[in-house]
Structure formats: C-alpha cells, structure tokens
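The structure appears below as structure tokens.
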Amino acid sequence: MQHQMDSPFLGAGRPLLLGNEYPLSADPEEWGTNLSLNLKETDDDIHEPKYGVNRRLIERDGHMFSWRGLINLGTLVFLCAGLVAFFFGYPIISYFTSVRYSTQGGYNLGGINASGQVPLLPGNYGLIDLTTPDSAHTKPSWNGGGEMQLVFSDEFNVDGRTFYPGDDPYWEAVNLHYWETNNLEWYDPSAVTTQGGDLVITLSQKNMHNLEYQGGLMSSWNKFCFTGGYIEANVSLPGVNNIVGLWPAIWTMGNLGRAGYGASLEGMWPYNYDACDVGTVANQSVNGHPVAATVNGDKNNGGVLSYLPGQKLSRCTCPGESHPGPKHSDGTFVGRAAPEIDMLEAQITGTPLTGQVSQSAQWAPFNAGYNWLNTSENQVIPDPSVSVHNIYAGGVLQQATSVITDTNPGCYEYELGCYAVFGFEYVPGFENAYIAWVANNQVSWMLNVAGMAADPLAQISARPVSQEPMYIIMNLGMSYNFGAVNLSALPFPVHLRVDYVRVYQPKDYINIGCDPEGFPTAEYIDQYIEAYTDPNLTTWRKDYGQPFPKNSFLGEC
C-alpha cells in the first residue's frame, strides 16, 4: 500500500523516474520551477549585460576608470617593458656601449686561435692585451705605407704565468734539446715565466738530460700566426755587454715547420720558393749541373753550394701526392715551406768587444756563391755608422741576408737594465715586397725583394718575401755554432727580458691566423701530427718513415 507524502513540490507523489534513491523528478518543471526567459530575478544584473539603444555600447554602472584598474594595467605595462628591456634593450645597449676588440680572423671568444689546444680562460685572453696602452693601438709604417693597427699584443703584466702545454692560449714552451744547432743547454718550460711585467727566459747552470745548462724556448706555433705587417718587442738583453757566448733570439718561422722538431723541418726550412726547376731538388743540382752548385759554395764543405734535401712541398709536386695546397690556375701546387725571418740574434764581437744584433732572413734555394743582388737599392742601410753588412752569407744549409747593428750598451740586465725596441715590417710576395728591420726604435736596414731575383748561374727563379703564416719564437741558449762561448766568465744565471710583443697590420690588409685560406696548414699538420709533436723524430724520411712527394722536374710523375 502506497502513502502519499506531504511535499512542497508538485508531482512529488508521482512515481520517481530516477528510482527510489532520488526524491526529485528529472524535470525541473515538475518541481514547480518557472523556466520562462522573461522571468526577472534579483541577481540578473550581475550576470547579464545591459545594452543601450544602439545595441553596441555596454552600459555599466560607475566610472570607466578606477584606481584598481589603473594599478592592474600599470603592472602589466611594467612587466612587459621589463621583458622587452631585458631581452632586446640590454643586448642592443651592450653592443653599442661595450668595448669591442677585433678577432682579426680568430675564432671563439676573444678571437682565440683555431688550433683546438686553447683552454677556456677567464679575463684577459683576447688577441689584444687589455693592458696595452691606447696610444699603442696604431702605428705608422716604417716604410711610408700609412697607418697600421694593432692586431695582437702580449704585455706580460700578469706575474707567474707558465707556458707548459695547454697553459696559455698563445704560447707554449718546449721540452727538448735543440740539436739542430748543437746547443749546450736543454730547453725546459720551467725556464720561461713572467715577472715584474716582463716575459723572463732564464739560462742557468743546471744539469738536465746529460747537459750542464738549462735554457728556454717559447713559441706561438699553430696558436698565433700573422702574414705581413710589423712585429716589435721591447727587450732587455741577458748578461753584460762584453762577455761572449749568449745566444738570445726573437724570430719567426712559417707554420708548416716547428722549431726543434726535426721531422717537420726536413725539406721545409729554410725554403721560400714557388717555381719548378733545379732549385727544388737535393743539392740544387742534377748530375753535377749547374756547375754553380758544385763550386764557390761553402768553404768548409769543399765549395759545395747546398746539402739541402730538396723542397718537399714544391711546385713540382706530382698530382695526387700529399701536399697542403692550394693550386695555381695551371693546376700546379703552390710551393710551400717554412721560411725564417729573424727580428734579432744578439751577439758580442769585435775589438773591443761590442754588443750587436744580427737581423736577417734565411733563404733557399741559394744564389751562386750565396751572392744575392745586394745593391744599394736592394740593401738599404740608413745609418752605416751603427749598421753594417754581415759578411756571413750562408753555408750548405742556408743562405742569409743579414746586417749587424750595434746595441745600446746599457740595455743588458747587468748593465743599466734598460730596454730597446726591435722589430721588422714586411710585405709578402714578389711585387713591391720588402723587409724593414728595426733596432733601437730606428730602421736599421731594409731588403727589397728585387735582391732575390732569378739567378742564371744557379738556374733558379726569384724567391718571394715569405707568404706563409709566420709564428713567433723567443729563446735564450748557447752554441759554438753561433760563435765563441766564454763559459767561465758568463754571469749565470742570465735572463732575456721581454716587456711586450706587439703585431700591427695595415687597416686594409688584416691577415691573422695559422691556417689562412691562401696558405692552409691545419689539415696537413693534423695528417702528420707526430712529426710536429715528437722531438725524437729528427728526420721526415728516416725517423718518421714518410716519403717526399714525387717531383715532376725529376720525371717522377
């Protein structure tokens, strides 16, 4: 029996469509709810907008602007402005206001070189030392070529720097015996450091590897190179000005040869040649010809002109042979090598003993009798009272173009300890090329490339001023090959001090890097890396076991 229950809702007594669990019908109309759209309720104003007569403008109570709305809008504007300033404004402002140094063809942060050996260093690691004075950022050419700009500098102002492999982005000291010139010392990286704003290379009496002396050699090989321009150093020479025996040097070499690594140098140093003729072959001769290669040469070797093994990477290289390139338009390879230009080699000679520097370039192949065309137009010496032609012209392993200049007698460490500026400026190539050397901040002499013209007696072609990327070498050692050595009188330890090294290039001719497009080196060095990193490999062919490329002049193709 069903009982109708009292309920305020109509139809409450009807059977439940949703079952006994739900007391209400699923239809709100059955609850007595008025669902008419015209029904006005008290809260309609807060749910439905009011339209004006034009049905477009919404009519609202109150003012259009309020403090709360303005604060909200202002907050949004502030946030948007901050984001724009951070992501767009800050980079733009930094670009136009920060001090920017040119990479000059370098790579990575600060223009670091592309050798792959450079660690990430904080601080002053760019190509241009941040402590180089602004006044030194430009320099006029010594030969009237206009203004040059600074492209590299190292002021050595941070004390305690070390130059073991991987320590420095631009320099590395070697650990070897420089047997090529029969040096008396072992070169060790511990002998090279910075102190008092100078690079200091120490030569001392110290037993190392069965040698009684320790010296230092540091270079920028495969880290920093330049082609053309002007390099200078401010130098205080080691020891005193009247005791013979020390051999301090600052010099440059083409990057395809590494100083102290004999295998990399065989057939490379001191060649500087881009022709295919007898100048590329061993001894500069074939079957005893030309005659000039057999007479009037090195007096210590029976008058023979050359004992060089031939230019390994010559223009005569046969197609398909190993060569770093590039090629000429006729399909022949560009002759490649490791030429040398010396900023200074200090010596003490004469009666009375006088401090001097030899400033030279080394060449191969050689002129007959080592006699280059040193006319007054090709060998210019502005002040013959302090600079004279060097009578040493070469031997079976090199031809030298050299002038000797007196040094400031006070600029030795145990004299007044003053510093003197040395350097050289050069334009590479065959046309209008030259090298101008600087000693005591004055031009000491200049070589014009016409002096290295073709030699019909030796049957060789003209040689250019080095077109290879050149790296910097600084060392202090001793050798009887260079001259007399007074071991008992030398005041060991002695120190070569370098205040700075700076490199400049014309503003319209910036060529920095060890792997330039026209004279690449990286792939070739990587292919034969053992020759460049193992000093015990003294020769390319015998020790390293690599052949010389075949030579078309010899009919080997």
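Just so we're aligned: 32 in full-length UniProt numbering is position 32 of the sequence shown, and the numbers increase by one with no gaps anywhere. Beta carbons are placed, not taken as given, at the ideal position from N, Cα and C, and that holds for glycine.
Does any residue of chain D bring its CB to less than 7 Å from the CB of residue i?
i, result
"Val334", "No chain D is part of this structure, which consists of one protein chain only."
Work out the CA separation of residue j and residue i for me, nearest whole Å.
i, j, result
"Trp221", "Tyr230", "18 Å"
"Asp515", "Ala522", "6 Å"
"Leu79", "Gly89", "14 Å"
"Val291", "Gly297", "11 Å"
"Phe424", "Pro189", "27 Å"
"Ala420", "Gly355", "13 Å"
"Gly32", "Leu76", "49 Å"
"Arg258", "Cys411", "30 Å"
"Ala439", "Met253", "20 Å"
"Ala462", "Phe482", "28 Å"
"Tyr178", "Ile93", "53 Å"
"Gln399", "Val449", "15 Å"
"Ser329", "Pro319", "14 Å"
"residue 607", "Gly279", "Because residue 607 is not part of the residues shown, which for the chain are 1 to 557, the question remains open."
"Phe224", "Ala338", "15 Å"
"Asn536", "Trp251", "23 Å"
"Leu344", "Gln359", "5 Å"
"Ser66", "Asp134", "58 Å"
"Tyr544", "Thr538", "8 Å"
"Gly126", "Thr332", "38 Å"
"Thr138", "Glu530", "40 Å"
Is the beta carbon of residue i less than 7 Å from the beta carbon of residue j?
i, j, result
"Ser236", "Phe492", "no"
"Trp540", "Ala263", "yes"
"Tyr273", "Gln311", "yes"
"Pro464", "Phe519", "no"
"residue 571", "Tyr504", "Given a span of 1 to 557 for the chain in the structure shown, any question on residue 571 remains unanswerable."
"Thr401", "Ala453", "no"
"Val151", "Ile512", "yes"
"Trp186", "Gly477", "no"
"Thr132", "Glu155", "yes"
"Ala293", "Leu305", "yes"
"Ala364", "Asp455", "no"
"Ala249", "Gly215", "no"
"Trp142", "Val386", "no"
Check for me: the beta strand (DSSP E) holding residue i runs from which residue to which?
i, result
"Ile128", "Element bounds for Ile128: n/a, residue is neither H nor E."
"Gln398", "398-406"
"Thr138", "138-140"
"Ile231", "229-236"
"Ile243", "Ile243 -> no beta strand (DSSP E), and no H or E assigned at all."
"Leu344", "340-349"
"Leu265", "Leu265 -> not in any beta strand (DSSP E); alpha helix (DSSP H) instead, spanning 262-265."
"Ala337", "Taken as a continuous stretch (DSSP letters only), Ala337 belongs to no beta strand (DSSP E), as it is neither H nor E."
"Glu425", "420-427"
"Val357", "354-363"
"Ala436", "434-439"
"Gly331", "No beta strand (DSSP E) holds Gly331; DSSP gives it neither H nor E."
How is residue i classed by DSSP in three states: helix, strand or coil?
i, result
"Tyr95", "helix"
"Ile391", "coil"
"Leu73", "helix"
"Arg315", "coil"
"Ile472", "strand"
"Gln546", "coil"
"Tyr164", "coil"
"Asp455", "strand"
"Ile529", "helix"
"Asn551", "strand"
"Thr181", "helix"
"Trp445", "strand"
"Ser219", "strand"
"Trp251", "strand"
"Glu212", "strand"
"Tyr307", "coil"
"Gly89", "helix"
"Ala509", "For the record, residue 509 in the displayed sequence is Tyr; it is not Ala. Looking at Tyr509 - three-state DSSP - the assignment turns out to be coil, as it is neither helix nor strand."
"Ala12", "Low per-residue confidence applies at Ala12: pLDDT is 46, beneath 50, and the placement is therefore not dependable, though the value from the model is reported in the following sentence. The answer is coil: DSSP assigns Ala12 none of H, G, I, E or B."
"Cys557", "coil"
"Tyr273", "coil"
"Gly518", "coil"
"Asn108", "Low local confidence applies: a pLDDT of 46 at Asn108 is under 50, so the model's placement there is unreliable, with the coordinate-based value given in what follows. In this structure, Asn108 counts as coil in the three-state DSSP scheme."
"Val295", "coil"
"Val281", "coil"
DSSP beta-bridge partners for residue i?
i, result
"Leu176", "Tyr187"
"His289", "Val286"
"His495", "Thr202"
"Phe482", "Partner(s): none; Phe482 has no beta bridge."
"Thr194", "Leu199"
"Arg502", "Ser153, Glu232"
Which residues mark the beginning and the end of the alpha helix (DSSP H) in which residue i is found?
i, result
"Asp154", "Run containing Asp154: none in the alpha helix (DSSP H); it sits in the beta strand (DSSP E), 147-154."
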